[in-house]
């Protein structure tokens with residue numbers, strides 16, 4: 001059986017892979033996530049996913065397949081990263097209020113010989129968010145390390161009035177597309193092993 005490595009520190013991605021029965025080992029993959037000048041959001045997330053997979057592959061011994069992924073929130077063609085302050089988070093939530101935005105998640109796999117990747121776009125619609133509500137949400141601590149300043153699988157779910165596309169992609173990993181890519185590398189879903197190893 002081909003050994004899969006996950007080049008991500010995201011607990012959401014670990015949970016999603018476990019959900020579809022894929023055993024894996026977590027490897028470190030620190031990269032520079034700064035967007036390039038004029039870089040389109042889809043190109044940005046796909047580049048980062050590929051860079052994480054390559055960086056992760058450099059940390060494994062022997063054969064294996066490494067999965068890297070990246071998720072970003074896009075509003076009016078602009079990337080909304082992780083808020084660096086309360087003011088920035090409140091501004092993001094204010095901009096997202098009563099509007100639609102896109103969540104882009106790219107998945108990349110490499111075995112050192114070949115690399116393949118996919119980018120999935122999901123449209124998320126928010127209801128109106130009051131300033132007081134945004135402030136309470138910030139005080140919960142959840143927006144701090146989340147792209148776009150919210151987590152759809154957490155407390156931020158109350159803001160979502162509609163979604164078109166892959167829910168799991170918004171969480172951090174589009175499971176249908178990920179399963180297809182894994183199959184191409186000989187990594188099937190629904191394996192019987194439980195849990196994952198931390199490296």
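In this note's numbering, the protein residues as written are 1 to 199. Glycine is no exception: its CB is placed at the ideal position from the N, C-alpha and C atoms. Quantities reported herein were computed from a predicted structural model and do not represent experimental measurements.
(message) Within 10 Å of its beta-carbon, does residue 136 have 16 or more other beta-carbons around it, so buried, or fewer, so exposed?
(response) As a first step, residue 136 is located in the chain shown; it is residue number 136 there, counting from the start. So residue 136 counts as exposed.
(message) If the criterion is Cβ atoms closer than 8 angstroms, does the pair residue 122 and residue 164 meet it?
(response) Here residue 122 refers to the residue found at position 122 of the chain shown. Here residue 164 refers to the residue found at position 164 of the chain shown. Yes, these two residues count as a Cβ contact at 8 angstroms.
(message) So, with DSSP's three-state summary, where would you put residue 84?
(response) Counting from one through the chain shown, the residue named residue 84 turns up at place 84. Of the three classes helix, strand and coil, the one that applies to residue 84 here is coil, per DSSP.
(request) Could you check how far apart the C-beta atoms of residue 41 and residue 74 are, in whole angstroms? I think they sit under 8 angstroms. (result) Here residue 41 refers to the residue found at position 41 of the chain shown. Here residue 74 refers to the residue found at position 74 of the chain shown. That belief holds up - the Cβ atoms of residue 41 and residue 74 are roughly 5 angstroms apart, short of 8 angstroms.
(message) At the level of alpha carbons, what is the spacing between residue 71 and residue 185?
(response) Here residue 71 refers to the residue found at position 71 when the chain shown is read from its first residue. Here residue 185 refers to the residue found at position 185 when the chain shown is read from its first residue. Going from the Cα of residue 71 to the Cα of residue 185 covers about 22 angstroms.
(message) Considering Cα atoms alone, identify which of 160, 120 and 190 is closest to residue 173.
(response) Here residue 173 refers to the residue found at position 173 of the chain shown. Checked all of 160, 120 and 190; the closest Cα to residue 173 is 120.
(message) If the criterion is Cβ atoms closer than 8 angstroms, does the pair residue 79 and residue 51 meet it?
(response) On the chain shown, residue 79 is found 79 positions in, with the first residue counted as 1. On the chain shown, residue 51 is found 51 positions in, with the first residue counted as 1. Their beta carbons are not under 8 angstroms apart, which means residue 79 does not touch residue 51 by this criterion.
(request) May I ask which residues mark the beginning and end of the alpha helix (DSSP H) holding residue 28? (result) Numbered from 1 along the chain shown, position 28 holds the residue referred to as residue 28. From DSSP, residue 28 is part of no alpha helix (DSSP H); its letter is neither H nor E.
(message) Which complete beta strand (DSSP E) runs does the segment 84–169 hold, if anything under 3 residues is left out?
(response) 100–110, 115–126 and 160–164
(request) Return the CA-CA distance between residue 170 and residue 191, expressed in angstroms with no decimal places. (result) Counting from 1 along the chain shown, the entry for residue 170 is found at position 170. Counting from 1 along the chain shown, the entry for residue 191 is found at position 191. Those two C-alpha atoms are separated by around 24 angstroms.
(message) Less than 8 angstroms between the C-beta atoms of residue 107 and residue 118, yes or no?
(response) What you label residue 107 is simply residue 107 of the chain shown in a count that begins at 1. What you label residue 118 is simply residue 118 of the chain shown in a count that begins at 1. Cβ distance < 8 angstroms, so residue 107 and residue 118 count as in contact.
(request) Can you check DSSP and say which residues form a bridge with residue 79? (result) Here the question's residue 79 lines up with position 79 in the chain shown. Answer by DSSP bridge pairing, in chain order: 74.
(message) Whole angstroms are fine: how far does the CA of residue 87 sit from the CA of residue 199?
(response) The residue labelled residue 199 in the question sits at position 199 within the chain shown. The residue labelled residue 87 in the question sits at position 87 within the chain shown. Model confidence at residue 199 stands at a pLDDT of 46, short of 50, so the residue's coordinates are unreliable; what they give is reported in the following sentence. Computed Cα separation, rounded: 36 angstroms.
(message) I believe residue 89 touches residue 149 by the beta-carbon criterion, under 8 angstroms. Please report the beta-carbon distance rounded to the nearest angstrom.
(response) Indexing the chain shown from 1 puts residue 89 at position 89. Indexing the chain shown from 1 puts residue 149 at position 149. 4 angstroms between Cβ atoms; contact.
(request) Give the single residue among 45, 39 and 25 whose Cα lies nearest to the Cα of residue 56. (result) Translated into the one-based positions of the chain shown, residue 56 becomes position 56. That would be 25, whose Cα lies nearest to the Cα of residue 56.
(message) Excluding the 5 residues flanking residue 131 on each side, which residues of the same chain have their C-beta closer than 8 angstroms to its C-beta?
(response) Here residue 131 refers to the residue found at position 131 when the chain shown is read from its first residue. Cβ neighbours of residue 131 beyond the five flanking positions: 90 and 94.
(request) Kindly identify the DSSP beta-bridge partner or partners of residue 5. (result) Position 5 of the chain shown, counted from the start, is the residue given in the question as residue 5. The partner list for residue 5 (beta bridge, DSSP) reads 25 and 66.
(request) Please look up how many angstroms separate the CB atoms of residue 124 and residue 142, rounded, as I've assumed it's under 8 angstroms. (result) Position 124 of the chain shown holds residue 124. Position 142 of the chain shown holds residue 142. Rounded, the Cβ-Cβ distance is 16 angstroms, inconsistent with contact.
(request) Run the CB neighbour count on residue 34, radius 10 Å, all protein chains shown included, and call it buried at 16 or more, exposed below. (result) Along the chain shown, read from residue 1 onward, the residue named residue 34 stands at position 34. By the 10 Å Cβ count, residue 34 comes out exposed.
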